[in-house]
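What follows is one structure encoded as structure tokens, with my remarks underneath.
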Amino acid sequence: AQRVTQPEKLLSVFKGAPVELKCNYSYSGSPELFWYVQYSRQRLQLLLRHISRESIKGFTADLNKGETSFHLKKPFAQEEDSAMYYCALSNFGNEKLTFGTGTRLTIIP
Amino acid sequence: GEEVAQTPKHLVRGEGQKAKLYCAPIKGHSYVFWYQQVLKNEFKFLISFQNENVFDETGMPKERFSAKCLPNSPCSLEIQATKLEDSAVYFCASSQSTSNYGYTFGSGTRLTVV
Numbered sequence: 001a002q003r004v005t006q007p008e009k010l011l012s013v014f015k016g017a018p019v020e021l022k023c024n025y026s027y028s029g030s031p032e033l034f035w036y037v038q039y040s041r042q043r044l045q046l047l048l049r050h051i052s053r054e055s056i057k058g059f060t061a062d063l064n065k066g067e068t069s070f071h072l073k074k075p076f077a078q079e080e081d082s083a084m085y086y087c088a089l090s091n092f093g094n095e096k097l098t099f100g101t102g103t104r105l106t107i108i109p
Numbered sequence: 110g111e112e113v114a115q116t117p118k119h120l121v122r123g124e125g126q127k128a129k130l131y132c133a134p135i136k137g138h139s140y141v142f143w144y145q146q147v148l149k150n151e152f153k154f155l156i157s158f159q160n161e162n163v164f165d166e167t168g169m170p171k172e173r174f175s176a177k178c179l180p181n182s183p184c185s186l187e188i189q190a191t192k193l194e195d196s197a198v199y200f201c202a203s204s205q206s207t208s209n210y211g212y213t214f215g216s217g218t219r220l221t222v223v
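First to last, the sequence lines map onto chains V and L. The numbering used here applies: residue 1 is where the first sequence begins, and numbers increase by one. The numbering used here applies: residue 110 is where the second sequence begins, and numbers increase by one.
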């Protein structure tokens, strides 16, 4: 069964400091990995997906198949990064996403 | 439109009453998904549609829950005889032909069963 683990429920980081939100997964196959973000009072939105290798709002995430990880990183945190972040996995063919339980990131001014 | 529209935003039902939630996916998106989020915890997959056909219903409770996506109508999720544990936020999402693009989520319907 596929599973996504986000070990940190809460993470506080000072503005300007580096951010890393951890995500590990278990899946037998080649998964598609995503990060979704939910800002206060807004709907859940796609932040980035590993297949496109994008950098969105300064965030990047590298899929490490050996460590089965897809950690989200940003070199310099900004106050507007405060939000709830969800890591998610899908397997091509059945389309559904399996979500982690989320990490609430708070940027301290 | 460019947003997934969910109605109503809030729904309160007495135990045993029926609840019906609606979702209008983005035009041109082939897949529709329903998720249940209890107490801001993880998202539990319920069911997905490819156009008007059920694609994956492995997450749907066998009793009381049903869903439809009919042509030219919003998709719907119906809960017969609601129970207290059905209280949750129900999210709908739609996506293009494959999940590689990621989903676009609606803002959710908060169902409270009292």
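Glycine residues also receive a C-beta, built at the ideal position from the N, C-alpha and C atoms. Since this is a predicted model, take the numbers as computed values, not measurements.
_Identity of the residue in 90/V, 108/V, 14/V and 66/V nearest residue 100/V by Cα_ = 90/V
*Output the boundary residues of the beta strand (DSSP E) element that contains residue 89/V.*
83-90
*Along the chain, where does the beta strand (DSSP E) that runs through residue 238/L open and close?*
Given that chain L is displayed from residue 110 to residue 223, the structure contains no residue 238/L and the question cannot be resolved.
*Measure from the C-beta of residue 60/V to each C-beta in chain L and report whether the shortest distance is under 8 Å.*
no
*Starting from the C-beta of residue 164/L, find all residues in its chain whose C-beta is less than 6 Å away, skip the five residues before and the five after it, and write them out in chain order.*
Result list for residue 164/L: 157 and 158, in chain order.
_For a cutoff of 8 Å on Cβ pairs, would you count residue 14/V as touching chain L?_
no
*Name, in chain order, the residues that DSSP records as bridge partners for residue 24/V.*
5/V and 69/V
*Taking only the alpha-carbon atoms, compute the straight-line gap between residue 151/L and residue 138/L and give it to the nearest angstrom.*
Cα to Cα, residue 151/L sits roughly 24 Å from residue 138/L.
*Residue-level contact to chain L via CB, residue 5/V, 8 Å cutoff*: no
*Residues of chain L with a CB under 8 Å from the CB of residue 101/V: which are they?*
150 and 151
*asked:* Give me the chain V residues within the contact set of residue 216/L, using Cβ-Cβ distance strictly less than 7 Å, ordered along the chain.
replied: 43
*asked:* By the three-class DSSP mapping on this structure, what secondary structure does residue 135/L have?
replied: coil
*Any C-beta of chain V under 8 Å from that of residue 203/L*: no
*What residues from chain V crowd round residue 140/L, counting only those whose CB sits closer than 7 Å?*
95
*Using the Cα positions of residue 175/L and residue 145/L, report the straight-line distance between them to the nearest angstrom.*
13 Å
*CB contact below 8 Å: residue 158/L versus chain C*: Reference to chain C is not applicable here, since the protein chains of this structure are V and L.
*Grab me the residues of residue 60/V's own chain with a C-beta within less than 6 Å of its C-beta, minus the 5 sequence neighbours each way, in chain order.*
73
*Cα-Cα separation, residue 187/L to residue 83/V*: 31 Å
_Residues near residue 178/L by beta carbon distance below 6 Å, same chain, minus five either side_ = 141, 158, 161 and 184
_Checking the sheet assignment: what are the DSSP bridge partners for residue 155/L?_
According to DSSP, which records beta bridges pairwise, residue 155/L is partnered with nothing at all.
*What residues from chain V crowd round residue 131/L, counting only those whose CB sits closer than 7 Å?*
In chain order: nothing, as chain V lies at least about 16 Å away.
*Helix, strand or coil at residue 193/L [DSSP, three-state]*: helix
*Return the residue from the list 206/L, 205/L and 211/L that minimises the CA-CA distance to residue 98/V.*
211/L
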